[in-house]
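From first to last, the protein sequence lines stand for chains A and B. Going by this note's numbering, the residue at position 20 of the first sequence is 20; the numbering climbs one at a time, nothing skipped. Going by this note's numbering, the residue at position 461 of the second sequence is 618; the numbering climbs one at a time, nothing skipped. Note that CB positions come from ideal geometry on N, CA and C, so glycine has one too. For clarity, every value in this text was computed on a predicted model and none was experimentally measured. One structure below.
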Amino acid sequence: MKGIFSVLVENRDGVLSSIAGLFARRGYNIDSLAVGVTDNSEISSMTIVSSGDQRTIDQIEKQLNKKIDVIKVRRLTEAKCVTLEMMLIKVSCSATTRSSIIELCQITGAKIMKVAPKYLLLEYHADPEGIEDFIRLVKGYGILEIQRTGAIAMEKS
Amino acid sequence: MMNGAEAMVKCLEAEGITQVFGYPGVAIAPFYEGLYHSGIQHILVRQEQNAGHAASGYARLSRKPAVCVVTSGPGATNLITALATAYADSIPIVAISGQVSSELLGRDVFQEADMRGATESFVKHSYLVKDPDDLPRVFKEAFYIASTGRKGPVLIDVPIDVQNRELTKPFAYPESVTMRGYKPEIRVNMGQIHKVVAALNQSRKPLICAGGGVILGDGEEMLRAFCEKFSIPLVHTMMGMGVLPKKHPLYFGMLGNNGKPYANKAVRRADLLLVVGARLADRAIPKPENLAQRVAVIHIDIDTAEIGKNMGPTIPLVGDVKDIFGALMAEPIEPAAQSWIDELEEVKRNTLDGRVFSDRFVNPNTLVQKLSEKMADDAVYVADVGQNQLWSADNYVMKSGRFLTTGGMGTMGYSIPAAMGAKLFAPERQTVAVCGDGSFQMSMNELATLRVNDIPVKILVVRNRYLGLVREYQYNTYDAHYEGVQLYDWPRYDKLAEAYDMPFFACAHTDELDATLDAFLACPDACLMVCEVDSEDRVK
Chain A
1 MKGIFSVLVE NRDGVLSSIA GLFARRGYNI DSLAVGVTDN SEISSMTIVS
51 SGDQRTIDQI EKQLNKKIDV IKVRRLTEAK CVTLEMMLIK VSCSATTRSS
101 IIELCQITGA KIMKVAPKYL LLEYHADPEG IEDFIRLVKG YGILEIQRTG
151 AIAMEKS
Chain B
158 MMNGAEAMVK CLEAEGITQV FGYPGVAIAP FYEGLYHSGI QHILVRQEQN
208 AGHAASGYAR LSRKPAVCVV TSGPGATNLI TALATAYADS IPIVAISGQV
258 SSELLGRDVF QEADMRGATE SFVKHSYLVK DPDDLPRVFK EAFYIASTGR
308 KGPVLIDVPI DVQNRELTKP FAYPESVTMR GYKPEIRVNM GQIHKVVAAL
358 NQSRKPLICA GGGVILGDGE EMLRAFCEKF SIPLVHTMMG MGVLPKKHPL
408 YFGMLGNNGK PYANKAVRRA DLLLVVGARL ADRAIPKPEN LAQRVAVIHI
458 DIDTAEIGKN MGPTIPLVGD VKDIFGALMA EPIEPAAQSW IDELEEVKRN
508 TLDGRVFSDR FVNPNTLVQK LSEKMADDAV YVADVGQNQL WSADNYVMKS
558 GRFLTTGGMG TMGYSIPAAM GAKLFAPERQ TVAVCGDGSF QMSMNELATL
608 RVNDIPVKIL VVRNRYLGLV REYQYNTYDA HYEGVQLYDW PRYDKLAEAY
658 DMPFFACAHT DELDATLDAF LACPDACLMV CEVDSEDRVK
């Protein structure tokens with residue numbers, strides 16, 4: 001199962017490595033990790049997406065809570081939160097395939113950031129599943145490079 | 158105004174610290190200059206690891222954080238094993254390490270080691286102090302973190318320039334801490350208490366399994382009173398030794414693969430297990446999951462993360478052991494039936510010890526029994542690691558003393574420095590370190606520290622000229638292919654004792670044991686005794 005954690009931490013040096021170290025040491029997966037400062041410059045917010053069985057996900061929450069620099073851990077469920085990920089992707093194209101890729105962009109809402117003779121650089125954001133779907137859609141044209149931010153998430157209520 | 162080093166010393170004084178264990182070097186020299194002008198006694202150990210173990214022994218007796226001090230680089234890395242040991246056993250230690258000058262951090266200069274990074278998974282928390290004005294807050298927090306909630310070691314890494322720089326504000330030690338991310342106080346959940354009461358009242362065969370957390374939470378007396386009030390029998394883990402004396406009618410021994418078979422049988426026959434302050438690691442319960450399927454388990458711990466880590470309990474209960482049993486004492490609980498105690502008594506009577514021990518030398522079981530019987534009631538027995546530890550745990554006669562050992566990390570060489578720390582805190586209590594000839598040689602350099610500082614710890618070496626526990630493993634697992642386990646006949650212990658001007662006692666046969674132990678225990682000074690045991694004698 002998937003575990004989405006929204007974690008507020010002290011914005012200090014060493015905190016990110018301490019959190020990452022916790023995952024490494026106890027053998028937890030990090031599917032994605034996004035970090036940014038909050039409106040309070042002393043506090044950062046992390047969105048950590050992990051996967052594992054129920055016990056592992058429970059343990060991750062408890063172990064995160066044990067960290068002194070962790071202020072608050074919230075476990076988000078996909079149904080009750082909005083998740084969003086951003087991606088930059090270079091899709092290979094030729095004169096013949098360019099128009100069909102552009103058409104795809106219009107349908108999906110992907111933004112064309114740069115047009116080059118041999119590729120299109122696209123920006124796309126969606127929930128992580130939507131990102132996967134988009135990658136599958138353009139795969140046939142040839143993907144040259146992908147950069148993903150990792151998911152960020154926020155509770156709806 | 159004062160500099161950072163002076164402020165560090167002031168912080169220790171504010172915490173009531175009168176003795177520290179350490180090993181200096183240039184990166185911590187300003188702090189030592191501060192110590193020089195203070196009333197704090199510094200005990201110079203002979204290797205940094207032992208400063209950590211000594212602080213551990215000290216803290217376990219004082220039940221407050223103890224302090225060790227090391228320099229940067231190798232001094233600091235030498236300490237890591239002791240930190241890991243204290244972390245595994247949840248012992249409150251504040252470790253201070255010197256560090257290279259802030260502007261040189263990350264450049265791999267002489268004696269630089271990234272201590273925060275290196276100790277990340279072995280400390281409860283760590284600090285790298287970059288501004289001397291932060292020192293009072295950092296020290297206050299470190300002592301608070303080490304000694305509250307689930308206790309553990311905290312590291313404070315202080316670059317030399319921070320020690321030398323003047324504080325810009327007048328020194329003021331904070332009265333309290335404010336940390337958004339750390340709230341160790343847990344109020345007892347009465348809803349859960351009532352579930353526990355209901356489970357106890359339904360149970361016909363309840364059993365308490367006490368772990369080291371009971372002792373760390375100062376809960377021995379409260380748990381003892383609880384056992385007695387409701388006639389609930391008790392078994393314990395190695396770290397949980399000390400709740401009930403051995404002769405108590407509700408006492409049924411240490412469980413686990415190194416424990417008493419009848420204690421394990423008691424666990425199997427119980428219908429309700431009350432696990433208190435134990436993580437139920439592999440050595441105590443080989444397959445915790447199976448156990449949880451068979452019996453109802455109430456798991457009580459101060460650390461939420463322990464609950465469900467190794468076993469999914471039926472009823473979790475998080476909080477301070479004294480608060481919880483204080484609350485339970487006031488509840489209407491039916492005492493357990495006498496027939497259950499009788500059943501366990503019968504199991505105990507009928508569980509025969511089939512082990513045979515050699516009579517060529519000293520029988521290690523007799524040794525530990527006699528030693529712990531002869532020791533003062535409130536004496537401190539520090540067991541090292543190896544066969545000696547298991548013989549100790551198996552045969553130790555608990556009265557009102559303390560049994561210290563490292564059950565979590567199993568660090569060889571623990572006993573001598575830990576005994577040193579314990580004795581320094583409680584000079585009035587007889588203190589004996591019991592080790593094997595392997596573990597002895599891992600910290601025998603501390604004989605000098607005992608001698609120089611006149612700390613009258615008694616050291617008993619259970620000698621079989623082998624790394625006995627590994628040898629036993631090779632016997633059982635690899636067809637007695639003994640590889641890398643023989644220690645041979647050196648050192649010559651009589652000469653070693655002489656080299657340190659220590660009284661020496663030797664015992665080669667069980668017949669001589671009484672007389673030798675009497676003389677050894679009567680000796681007022683730090684002294685060394687060697688007991689020869691047969692290398693064929695095994696734990697199992």
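Practice task
Determine the contact status of Lys-90 of chain A and Leu-144 of chain A, defining contact as a CB-CB distance below 8 Å.
Solution key: Here the question's residue 90 of chain A lines up with position 90 in the first sequence. Here the question's residue 144 of chain A lines up with position 144 in the first sequence. Yes, Cβ-Cβ distance for Lys-90 of chain A and Leu-144 of chain A is below 8 Å.
Exercise for the section: Select from B:Ile-250, B:Pro-289 and B:Ile-317 the residue whose C-alpha is nearest the C-alpha of Ile-301 of chain B. Expected result: In the second sequence, residue 301 of chain B corresponds to position 144, counting from 1. Just to set this straight, residue 301 of chain B is Tyr in the shown sequence, not Ile. The shortest C-alpha separation from Tyr-301 of chain B is found at B:Ile-250.
Problem - According to DSSP, residues forming a beta bridge with His-151 of chain B - result: Since the displayed chain B opens at 158 and closes at 697, residue 151 of chain B lies outside it and no answer follows.
Handout entry: Chain-ordered neighbours of Arg-273 of chain B on chain A, where CB pairs are closer than 8 Å
Key = Position 116 of the second sequence, counting from 1, holds the residue named residue 273 of chain B. The contacting residues are Gly-14.
Practice task
Grab me the residues of Glu-446 of chain B's own chain with a C-beta within less than 7 Å of its C-beta, minus the 5 sequence neighbours each way, in chain order.
Solution key: Against the second sequence, residue 446 of chain B aligns to sequence position 289. Cβ within range, chain order: Met-468.
Handout entry: Beta-carbon proximity of Val-49 of chain A to Ala-151 of chain A, cut-off 8 Å
Key = Residue numbering aside, residue 49 of chain A sits at position 49 when the first sequence is read from its first letter. Residue numbering aside, residue 151 of chain A sits at position 151 when the first sequence is read from its first letter. Yes, the Cβ-Cβ distance between Val-49 of chain A and Ala-151 of chain A is below 8 Å.
Practice task
Please state whether DSSP places Phe-514 of chain B in a helix, a strand or coil.
Solution key: The count along the second sequence starts at 1 and reaches residue 514 of chain B at position 357. Reduced to three states, the DSSP call for Phe-514 of chain B is coil.
Exercise for the section: Return the residues of the stretch 336-362 of chain B that lie within a Cβ-Cβ distance of less than 9 Å from chain A, sorted by chain order. Expected result: Met-336, Arg-337, Gly-338 and Tyr-339
Exercise for the section: Taking 8 Å as the threshold, find out whether the stretch 373-386 of chain B comes into contact with the stretch 435-450 of chain B through three or more Cβ pairs. Expected result: no
Practice task
Please name the residues in the stretch 34-52 of chain A whose beta-carbon is closer than 7 Å to at least one beta-carbon of chain B, in chain order.
Solution key: none
Practice task
Taking all protein chains shown into account, decide if His-456 of chain B is buried (16 or more other Cβ within 10 angstroms of its Cβ) or exposed.
Solution key: Counted from its first residue, the second sequence places residue 456 of chain B at position 299. The residue is buried, with at least 16 neighbouring Cβ atoms inside 10 Å.
Problem - CA nearest to the CA of Ala-184 of chain B, picked from B:Leu-262, B:Cys-366, B:Ala-576 and B:Gln-349 - result: Looking up residue 184 of chain B in the second sequence gives position 27. It is B:Leu-262.
Practice task
Under 8 Å between beta-carbons, which chain A residues line up against Ala-164 of chain B? List them in chain order, please.
Solution key: As a first step, residue 164 of chain B is located in the second sequence; it is residue number 7 there, counting from the start. Per Cβ cutoff of 8 Å: no residues; Ala-164 of chain B is ~21 Å from chain A at best.
Practice task
Under 8 Å between beta-carbons, which chain A residues line up against Lys-297 of chain B? List them in chain order, please.
Solution key: Sequence index remark: in the second sequence, residue 297 of chain B carries index 140 (1-based). Those within 8 Å of Lys-297 of chain B in chain A number zero; the least Cβ separation is about 13 Å.
Problem - Beta carbon of Thr-394 of chain B nearer than 8 Å to that of Met-379 of chain B - result: Residue 394 of chain B sits at position 237 when you count from the first residue of the second sequence. Residue 379 of chain B sits at position 222 when you count from the first residue of the second sequence. In this structure, Met-379 of chain B does not lie closer than 8 Å to Thr-394 of chain B by Cβ.
Problem - In DSSP terms, what Asp-458 of chain B is bridged to - result: Counted from its first residue, the second sequence places residue 458 of chain B at position 301. Its beta-bridge partners are B:Val-475.
Problem - Inter-residue Cα distance where the pair is Tyr-639 of chain B and Arg-622 of chain B - result: The sequence position of residue 639 of chain B within the second sequence is 482, counting from 1. The sequence position of residue 622 of chain B within the second sequence is 465, counting from 1. Using only the alpha carbons, I get a separation of about 13 Å.
Practice task
Taking C-beta pairs closer than 7 Å, name the residues in chain B that Asp-69 of chain A reaches, listed in chain order.
Solution key: In the first sequence, counting from the first residue as 1, residue 69 of chain A sits at position 69. Gly-338, listed in chain order.
Practice task
Using a Cβ-Cβ cut-off of 8 Å, state whether Lys-156 of chain A counts as contacting chain B.
Solution key: Reading the first sequence from its first residue, position 156 is the one you call residue 156 of chain A. No, because no Cβ of chain B sits closer than 8 Å to the Cβ of Lys-156 of chain A.
Handout entry: For Gly-52 of chain A, the nearest candidate out of A:Glu-129, A:Arg-26 and A:Lys-72 (CA to CA)
Key = Taking the first sequence and counting its residues from 1, the one referred to as residue 52 of chain A is at position 52. Looking at the Cα atoms, A:Arg-26 is the closest of the given residues.
Exercise for the section: Take every Cβ of the stretch 611-626 of chain B, pair it with every Cβ of the stretch 676-687 of chain B, and state whether three or more of those distances are shorter than 8 Å. Expected result: yes
Handout entry: C-beta atoms of Leu-530 of chain B and Val-554 of chain B nearer than 8 Å
Key = Indexing the second sequence from 1 puts residue 530 of chain B at position 373. Indexing the second sequence from 1 puts residue 554 of chain B at position 397. Rather than Leu, the amino acid found at residue 530 of chain B in this sequence is Glu. Yes, the Cβ-Cβ distance between Glu-530 of chain B and Val-554 of chain B is below 8 Å.
Exercise for the section: Count the other C-beta atoms from every protein chain shown that fall within 10 angstroms of the C-beta of Glu-85 of chain A, then say buried if there are 16 or more, exposed otherwise. Expected result: Counting from 1 along the first sequence, the entry for residue 85 of chain A is found at position 85. Burial call: buried.
Problem - Interface flag, Asp-58 of chain A vs chain B, CB-CB below 8 Å - result: Here residue 58 of chain A refers to the residue found at position 58 when the first sequence is read from its first residue. Yes, because at least one Cβ of chain B sits closer than 8 Å to the Cβ of Asp-58 of chain A.
Exercise for the section: State the DSSP-derived secondary structure class of Leu-437 of chain B, mapped to helix, strand or coil. Expected result: Here residue 437 of chain B refers to the residue found at position 280 when the second sequence is read from its first residue. Coil.
Problem - Pick from B:Asp-314, B:Lys-417, B:Asn-321 and B:Ile-481 that is closest to Gly-348 of chain B, judged by C-alpha positions - result: In the second sequence, the residue the question calls residue 348 of chain B occupies position 191. For Gly-348 of chain B, the nearest C-alpha among the options comes from B:Ile-481.
Practice task
Look at the alpha carbon of Ala-590 of chain B and the alpha carbon of Lys-580 of chain B, and state the distance between them as a whole number of angstroms.
Solution key: One-based indexing of the second sequence puts residue 590 of chain B at position 433. One-based indexing of the second sequence puts residue 580 of chain B at position 423. So the alpha carbons of these two residues sit roughly 10 Å apart.
Exercise for the section: Anything in chain A within Cβ reach of Ser-278 of chain B, meaning under 7 Å, just list it in chain order. Expected result: Taking the second sequence and counting its residues from 1, the one referred to as residue 278 of chain B is at position 121. Simply Gly-21 and Arg-25.
Practice task
Please name the residue in B:Gly-255, B:Arg-517, B:Lys-652 and B:Val-433 whose C-alpha comes closest to that of Gly-744 of chain B.
Solution key: The structure shown does not extend to residue 744 of chain B, since chain B is modelled only from 158 to 697, so the question has no answer here.
Exercise for the section: Starting from Asp-10 of chain A, find everything on chain B with Cβ-Cβ shorter than 7 Å and list it in chain order. Expected result: Taking the first residue of the first sequence as position 1, residue 10 of chain A is located at position 10. The residue asked about is misnamed: residue 10 of chain A is Glu in this sequence, not Asp. Ordered by position in chain B, the residues that pass the 7 Å Cβ test against Glu-10 of chain A are Gly-338.
Handout entry: Three-state secondary structure (DSSP) of Ile-30 of chain A
Key = Start at 1 with the first residue of the first sequence, and residue 30 of chain A comes out as number 30. The answer is coil: DSSP assigns Ile-30 of chain A none of H, G, I, E or B.
Problem - Residue environment, Thr-703 of chain B, which counts as buried when at least 16 other CB atoms sit within 10 Å - result: The structure shown does not extend to residue 703 of chain B, since chain B is modelled only from 158 through 697, so no value can be given for it.
Problem - Interface flag, Ser-99 of chain A vs chain B, CB-CB below 8 Å - result: If you number the first sequence from 1, residue 99 of chain A lands on position 99. No, because no Cβ of chain B sits closer than 8 Å to the Cβ of Ser-99 of chain A.
Practice task
Can you grab the Cα-Cα spacing for the pair His-282 of chain B / Ile-68 of chain A, in whole Å?
Solution key: Taking the second sequence and counting its residues from 1, the one referred to as residue 282 of chain B is at position 125. Taking the first sequence and counting its residues from 1, the one referred to as residue 68 of chain A is at position 68. When rounded, the distance between both Cα atoms is 7 Å.
Problem - Any chain E beta carbon closer than 8 Å to Lys-62 of chain A - result: Checking the listed chains, one finds no chain E in this structure; the protein chains it contains are A and B.
Exercise for the section: Using beta-carbon positions only, say whether Gln-544 of chain B and Leu-626 of chain B come within less than 8 Å of one another. Expected result: Translated into positions along the second sequence, residue 544 of chain B becomes position 387. Translated into positions along the second sequence, residue 626 of chain B becomes position 469. Yes, these two residues count as a Cβ contact at 8 Å.
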